[in-house]
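Enquirer: Next up is a structure, given as structure tokens.
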Amino acid sequence: MIKLFFIAALFLAGKVSAHEMTPTYPPLVPSYVDGLVSAKMTMFNSRKDVDYFEIGVFDDEWNPVPFAATAKILRVPHGSSKTFEVFVRHKDKKRATFICSLSKLRTDSSARAIVSSKICSRTDGALP
Amino acid sequence: MVKYTLILTALCIPFTGNAEEALIEGNVQSKCIINTDINGVYGNPAPDKLSTKSVDGGVEPTIRFDVAIANYYLARVTTPSSFSTSPSLSDVVNWTGTTTVGEVSDAGMSAYDAAKVTYDTTSEFDLTIAGSTWFKVDSVATYGFGRAFPGGTYRAIVQAECIAQ
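Chains A and B supply the protein sequences, listed in that same order. Residues in the first sequence are numbered consecutively from 0, following numbering that gives the first Met the number 0. Residues in the second sequence are numbered consecutively from 0, following numbering that gives the first Met the number 0.
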């Protein structure tokens, strides 16, 4: 049974498409710009059906927190990873809790994706 | 004499060589990976019904969550409550949806179903065991009161979230 499971997993591996963002608990550290703190994130995309990801910063009640990044919609082509920096005002440092990436799906009818993936890291270092 | 000296010297060299250590380092860090193993397909078993259930001719979307370390992430799966693509609809669409645990890489993960928290169209699972969990999503849409869905392409989005806790 276990062998069958692994064989099935090997066949599925070619079709699998994944979205990954690390680290889980990025620290917000002082940046080279006065009054801003920043966190460095890395995203990996192996979803063939997705090329773009939206970055967002939220507080613990999921209200948006103002932030700056290279781009709010990042292009991460299939099979590649991208490191990006998120800047938050120092006065928002305590409020900013989550840094999230959300896959953006195409609206044209040729796109078959119906699963939107979202991964959120915590900046407040709240280890379980 | 010279030959013997050379041979003896050569034999001694391996014993006088310094041992070197090769260091292997590794780092296990917490991370969550969302895999869309199977994109779903709506079946149309009746004129007023679209369903991803296999008994209705559909394909259930299957989403795999991989976590490297236990207790670091929550998995949230939200079933659709509207179409992202559809022909013009003049009547109300009623939505139902469920998310259940399918395959698991650790037997203990089977308990996720009993411990899940459901609100609105969202199911929340505490990923308390490291490994992979496959979630199956059922989505059923019915149109009006027994009205037939107009012809066209219908798409709806399942949202899978992995939230650090």
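All C-beta atoms in this analysis are idealised placements derived from N, C-alpha and C, irrespective of residue type, glycine included.
State yes or no: is the beta carbon of R121 (chain A) nearer than 8 Å to at least one beta carbon in chain B?
Expert: yes
Enquirer: Contact criterion: CB-CB distance below 8 Å. Does V114 (chain A) meet it with respect to chain B?
Expert: yes
Enquirer: Applying the criterion that 16 or more other CB atoms from any shown protein chain within 10 Å of the CB defines a buried residue, is N26 (chain B) buried or exposed?
Expert: exposed
Enquirer: Under 8 Å between the Cβ atoms of N34 (chain B) and S16 (chain A)?
Expert: Yes, they are a contact pair.
Enquirer: Going by CA-CA distance only, name the one from A:E19, A:R94, A:C99 that's closest to D58 (chain A).
Expert: A:R94
Enquirer: Starting from Y111 (chain B) and walking both ways along the alpha helix (DSSP H), at which residues does that stretch end?
Expert: 111–114
Enquirer: Grouping DSSP H, G and I as helix and E and B as strand, with all else coil, what is V103 (chain B)?
Expert: strand
Enquirer: Could you work out which residues of chain A lie near P232 (chain B), taking near to mean beta carbons separated by less than 8 Å?
Expert: Lying before the first or after the last residue shown, residue 232 (chain B) is absent from chain B, which here runs from 0 to 164.
Enquirer: Return helix, strand or coil for T122 (chain A), following the three-state DSSP convention.
Expert: Coil, per DSSP.
Enquirer: Give the C-beta separation of Q158 (chain B) and S115 (chain A) to the nearest angstrom, bearing in mind that I take them to be a contact with Cβ-Cβ under 8 Å.
Expert: 5 Å
Enquirer: At the level of alpha carbons, what is the spacing between M108 (chain B) and T78 (chain B)?
Expert: 21 Å
Enquirer: Could you check whether the Cβ of I118 (chain A) sits closer than 8 Å to any Cβ belonging to chain B?
Expert: Taking CB atoms only, I118 (chain A) has a neighbour in chain B less than 8 Å away.
Enquirer: Whose Cβ in chain B lies nearer than 7 Å to the Cβ of E19 (chain A)?
Expert: K30, I32
Enquirer: Could you pull out every residue in the same chain whose Cβ sits closer than 8 Å to the Cβ of T51 (chain B), ignoring the five residues on either side in sequence?
Expert: G39, V40, Y41, G42, G57, V58, E59, P60, V136, D137, S138, V139
Enquirer: Does the beta-carbon of A12 (chain A) have 16 or more other beta-carbons within 10 angstroms, so that it is buried, or is it exposed?
Expert: Residue placement at A12 (chain A) is flagged as unreliable, the pLDDT there being 38, under the threshold of 50; the coordinate-derived value follows with that caveat. Classification for A12 (chain A): exposed.
Enquirer: Strictly by DSSP, which residues pair up with T78 (chain B)?
Expert: Answer by DSSP bridge pairing: none, since T78 (chain B) is not bridged.
Enquirer: Any beta carbon of chain B sitting closer than 8 Å to that of Y51 (chain A)?
Expert: no
Enquirer: For I23 (chain B), count neighbouring Cβ atoms within 10 angstroms of its own Cβ and tell me buried if that reaches 16, exposed if not.
Expert: exposed
Enquirer: Which residues in chain B sit within 7 Å of R94 (chain A), going by Cβ to Cβ distance?
Expert: Those do not exist, as R94 (chain A) stays about 17 Å from chain B at its closest Cβ, beyond 7 Å.
Enquirer: Would D55 (chain B) pass as a contact of P44 (chain B) if the rule is Cβ separation under 8 Å?
Expert: Yes. Within cutoff.
Enquirer: If you measure from the beta carbon of S16 (chain A) to each beta carbon in chain B, is any gap under 8 Å?
Expert: yes
Enquirer: Pull up the distance between the alpha-carbon of H18 (chain A) and that of F144 (chain B), whole angstroms please.
Expert: Take the alpha-carbon of H18 (chain A) and the one of F144 (chain B): they are about 39 Å apart.
Enquirer: Cβ atoms of V85 (chain A) and S37 (chain A): under 8 Å apart, would you say?
Expert: yes
Enquirer: For K90 (chain A), which three-state DSSP category applies?
Expert: helix
Enquirer: Against chain A, with Cβ distances strictly below 8 Å, would R146 (chain B) count as a contact?
Expert: No Cβ of chain A is located within less than 8 Å of the beta carbon of R146 (chain B).
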